[in-house]
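Accompanying notes for the structure given below.
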Amino acid sequence: MNQWHLFLAFFRVGMLGYGGGPSSIPLVRAEVVAKYRWMADEEFAEIAASAFLMFGKWRIHPAYVIVLALVYGAFFLS
1 MNQWHLFLAF FRVGMLGYGG GPSSIPLVRA EVVAKYRWMA DEEFAEIAAS
51 AFLMFGKWRI HPAYVIVLAL VYGAFFLS
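Sequential numbering from 1 applies to the sequence shown in UniProt numbering.
Have a look at this one:
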């Protein structure tokens, strides 16, 4: 994983996602799990569910938590 692929993945989601956070989760999953294989499907579901517990914009928090999990590892979710 390099920073350019990380930028491209979330840039595509930002440009193609229409309808807010819940509608963009399948796009994020397609990029993170299916295309780049940065994490397993179960791990993505766990991260997405925990991100929706946070207050604020729905589109920002899943992306923020996924990037933290990719960069620092998912140890902070345990």
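Glycine residues also receive a C-beta, built at the ideal position from the N, C-alpha and C atoms. Since the structure is predicted, the reported quantities are computational estimates derived from the model, not experimental observations.
Check: Opening and closing residue of the alpha helix (DSSP H) in which A49 lies; Outcome: D41 to A51
Check: Own chain partners of L35 with C-beta closer than 8 Å, once the 5 adjacent residues on each side are dropped; Outcome: Per the sequence shown, the amino acid found at residue 35 is Lys instead of Leu. A9, listed in sequence order.
Check: C-beta atoms of A69 and M39 nearer than 8 Å; Outcome: yes
Check: Local Cβ density within 10 Å of A49, reported as buried at 16 or more and exposed below that; Outcome: exposed
Check: Cβ-Cβ distance between V28 and I66 below 8 Å; Outcome: yes
Check: Between the CA atoms of F7 and G21 - distance to the nearest angstrom; Outcome: 18 Å
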